[in-house]
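Protein chains: 2
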Amino acid sequence: MENTILLGHGSGGRLTHELIKELFVTHFDNPLLHEQGDSAILPGCNEAMAYTTDSYVVDPIFFPGGNIGKLAICGTVNDLAVSGAQPLYLSAGFIIEEGFPFDDLKKIVITMAGEAQKAGVRIVTGDTKVVNKGQCDKIFINTAGLGFLPEKFRDITSGKRVCAGDRIIINGTIADHGMAVMAVRNFASFTTDIISDCAPLNSLIKSVLDAGIDVKFMRDATRGGLATVLCELAESHNMSVHIYEEAVPINENVRGMCELLGFDPFYVANEGKVVMVVADNDAERALAVIKQNEFGKQAAIIGEINELHNGKAVLNTVVGGSRIIDMLAGEQLPRIC
Amino acid sequence: MENTILLGHGSGGRLTHELIKELFVTHFDNPLLHEQGDSAILPGCNEAMAYTTDSYVVDPIFFPGGNIGKLAICGTVNDLAVSGAQPLYLSAGFIIEEGFPFDDLKKIVITMAGEAQKAGVRIVTGDTKVVNKGQCDKIFINTAGLGFLPEKFRDITSGKRVCAGDRIIINGTIADHGMAVMAVRNFASFTTDIISDCAPLNSLIKSVLDAGIDVKFMRDATRGGLATVLCELAESHNMSVHIYEEAVPINENVRGMCELLGFDPFYVANEGKVVMVVADNDAERALAVIKQNEFGKQAAIIGEINELHNGKAVLNTVVGGSRIIDMLAGEQLPRIC
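If you read the protein sequences in the order shown, they are chains A and B. Each residue of the first sequence is one higher than the one before, starting from 1 at the first, in our numbering. Each residue of the second sequence is one higher than the one before, starting from 1001 at the first, in our numbering.
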């Protein structure tokens, strides 16, 4: 193979075929990918399906705790998992800048293959486009994903059964991903100990659902951070969401970096955090199940739904006050995912 | 709404929500899109499914006969249709450059909505990322697509039943899309009469399959042109593909532009052309059915499979010679789709 990606790798001709065969099919290896038709052929199933897509444009493409390929797998797996679905199949679309180092592409592809295996999903179809130098920044990856959704979990996404008294759980510390990326961008010359939380959450979520816990709402807190999920929850059914600030787990080094750079950790992106709403009497058991998972050791009950029905998310601060959590108005952190 | 796309439109916060609600959901309107969870929820079906993805990076984004949004719908619909599947659901992932005119985005989205409706598919899930000015060129769109695939059409993609004596059909003129885009790039100051063939082919393909014609192989000739499809066909089962050059339809103005710019039309991209292989005794009937469709009026039988089994595609030229059709080695036309 060449040392860098050439425009010809996106031509649809000989170089594209070589790239697909020697890199993508080699590493994403599975029977469904082998046919190499225009579409992958998947088995049918009478259950409903969850279907999602995300493009990943993170900068830098390598960061502590992961790279753009890990994000592209975990992000889409998590979007399916929080819908109550079992993630099964992914597509992968690459847009690559001419001259991109082949070794970096290989690292990204190998990471994707490893994460897909860990998450139990198969990459079954893909596409590669190469654009001239300067027409995109290094590499962008789109993954779409498909999973089967058991009937009993169909209303998790809507959150329509959430009611006053329900408790809100998060599976660990917030703002790690955003601050890990920001630290590299701002302080590239020395290393910090902040590591992205990027992780596939489907096994954690499955363990909660398998335990028979009635999850009434579930969403991963990515772009826009925990605050955005809480606002969406409050607005969607005109509920009142109360959060206890002191209960929200934050790593001390992340808190310090947020203060240094002037960010509110509630608005900073996560890539391995899920917010769940369960009935009060399920909350402790759900917490115990989550804590058994490698990605849930620092899980906490961080708030509750109360009876005001005002469509607002409110933070009870550690100093005894309260403030409304609003949705992010502008853009704090472009290209965070 | 703002006049241009801001980084905040990709933040996941308030501006993203507004963009989704006021532009995407408004125009892509359908019940499955309304839930706005992390995944769309699709009904199950016991049939096999075809699943595909493509990213679209065409430059310029508006060209005679279409725009990047039309391509993003038709390209993915066609990838599903040539697999024998009935295209049903699309995802749409947008990567937009900061400062992109909102009116252009709206034009693109409205085009996508219209093409989706014509093709009978629904856009059920999406994603928007905004990158800083200069970090991508205007707009890139990824669509992934899902369709149900009846058991009886499952082996069309592989082409394994193709045998000597079978005939090769194309539904019309070649090289229109590539030359329409090239004409705009090279001669932007005056207009040519070359128009992209970009079109959804699922109704044409359905009419052939519904007529009971045994299609043994089918592929759309996009990047890499007709030549690439013929090479793939020849190589896949070590078959010998013979093409009669004088039978291949080419518009005169396209032929002229190819000569002017030094392109071989066999390698120039199409966006509304399908190559089908059928038994000799089905060929005339297939041709008649195709010609009844609005996108098949200039269809022609352009070649045959013969008994050499050498894995080569050979062109019998109009001057009486023959030459081997090889796969595109480099890149003729970056960002053609």
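For glycine and all other residues, C-beta sits at the position ideal for the given N, C-alpha and C. Computed from a prediction, not measured in an experiment: that's the story for all the values here.
N- and C-terminal bounds of the alpha helix (DSSP H) containing residue i
| i | result |
| --- | --- |
| A/PHE140 | It is not in any alpha helix (DSSP H) - A/PHE140 instead sits in the beta strand (DSSP E) that spans 139-149. |
| A/ILE290 | 280-291 |
| A/ARG14 | 14-19 |
| B/ASP1210 | 1202-1210 |
| B/THR1228 | 1225-1236 |
As assigned by DSSP and simplified to three states, the class of residue i
| i | result |
| --- | --- |
| B/ASP1176 | helix |
| B/ARG1154 | coil |
| B/PRO1031 | helix |
| B/LEU1071 | helix |
| B/SER1322 | strand |
| A/VAL215 | strand |
| A/GLY66 | strand |
| A/ARG185 | helix |
| A/THR192 | coil |
| A/ASN251 | coil |
| A/CYS198 | coil |
| B/GLY1022 | Per the sequence presented here, residue 1022 of chain B reads as Glu, with Gly not at that position. Three-state result, B/GLU1022: helix. |
| A/CYS258 | helix |
| B/GLY1159 | coil |
| A/ALA164 | coil |
| A/GLU246 | helix |
Terminal residues of the beta strand (DSSP E) in which residue i lies
| i | result |
| --- | --- |
| B/LEU1328 | Here B/LEU1328 belongs to no beta strand (DSSP E), and DSSP marks it neither H nor E. |
| A/GLN117 | That residue, A/GLN117, is in no beta strand (DSSP E); its alpha helix (DSSP H) goes 102-119. |
| B/ASP1264 | Looking at the DSSP string, B/ASP1264 is not in any beta strand (DSSP E), and its letter there is neither H nor E. |
| B/GLY1126 | 1122-1131 |
| B/ARG1167 | 1167-1170 |
| B/ILE1041 | 1040-1042 |
Identified DSSP bridge partners for residue i
| i | result |
| --- | --- |
| B/VAL1241 | B/ILE1305 and B/ALA1313 |
| B/SER1055 | B/ASN1142 |
| B/ASP1220 | B/VAL1274 |
| A/ALA92 | A/GLY126 and A/THR143 |
| A/GLN86 | A/PHE148 |
| B/GLU1097 | B/VAL1131 |
| A/THR4 | A/PRO101 |
| A/CYS45 | B/CYS1045 |
| B/ALA1050 | A/ILE41 and B/GLY1147 |
| A/ALA300 | A/ILE170 |
| A/CYS136 | B/CYS1136 |
Heavy atom of the ligand FMN within 6 Å of residue i beta-carbon
| i | result |
| --- | --- |
| A/VAL268 | The ligand FMN is not part of this structure, which contains no ligands at all. |
Rounded distance between the beta-carbons of residue j and residue i, thought under 8 Å
| i | j | result |
| --- | --- | --- |
| A/HIS237 | A/ASN306 | Wrong, their Cβ atoms sit about 13 Å apart, outside the cutoff. |
| A/CYS339 | A/GLY272 | In the structure as shown, chain A begins at 1 and stops at 337. Residue 339 of chain A is therefore absent and cannot be evaluated. |
| A/GLY12 | B/ARG1223 | 3 Å |
| B/LEU1328 | B/THR1173 | So it is not a contact: roughly 19 Å between Cβ atoms. |
| A/ALA116 | A/ARG122 | 7 Å |
| A/LEU308 | A/SER240 | 4 Å |
| B/ALA1072 | B/ILE1141 | 4 Å |
Proximity test, Cβ basis, 7 Å: residue i and chain C
| i | result |
| --- | --- |
| B/PHE1140 | Protein chains in the displayed structure are A and B, and chain C is not among them. |
- Query: Do the stretch 1272-1284 of chain B and the stretch 1160-1177 of chain B meet, that is, are 3 or more Cβ pairs less than 8 Å apart?
  - Reply: Three or more Cβ pairs closer than 8 Å define a contact, and the stretch 1272-1284 of chain B meets that threshold against the stretch 1160-1177 of chain B.
For the stretch 148-159 of chain A and the stretch 291-304 of chain A, state whether three or more C-beta atom pairs, one from each stretch, are separated by less than 8 Å.
-> As far as the Cβ criterion goes, the stretch 148-159 of chain A does not touch the stretch 291-304 of chain A, which means the pair count is below three.
Q: Would you check if the stretch 254-269 of chain A and the stretch 180-188 of chain A touch, i.e. whether three or more CB-CB distances between them fall below 8 Å?
A: Contact between the stretch 180-188 of chain A and the stretch 254-269 of chain A is present: three or more C-beta pairs spanning the two stretches fall below 8 Å.
Counting pairs of beta carbons, one from the stretch 1306-1326 of chain B and one from the stretch 1036-1047 of chain B, are three or more of them closer than 8 Å? Taking 8 Å as the limit for Cβ pairs, the verdict is that the stretch 1036-1047 of chain B does not touch the stretch 1306-1326 of chain B.
For the structure I just gave you, are there three or more beta carbon pairs, one from the stretch 14-27 of chain A and one from the stretch 1015-1035 of chain B, closer than 8 Å?
Inter-segment contact for the stretch 14-27 of chain A and the stretch 1015-1035 of chain B is absent: fewer than three beta-carbon pairs are separated by less than 8 Å.
Open item on the list: Three or more C-beta pairs under 8 Å: does that hold for the stretch 1086-1098 of chain B against the stretch 1125-1137 of chain B?
Closed with: Cβ pair count under 8 Å is three or more, so yes.
Next item on the list: Check whether the stretch 1054-1066 of chain B touches the stretch 1195-1210 of chain B, taking contact to mean three or more Cβ pairs, one atom from each stretch, closer than 8 Å.
Entry: With the cut-off at 8 Å, the stretch 1054-1066 of chain B and the stretch 1195-1210 of chain B touch.
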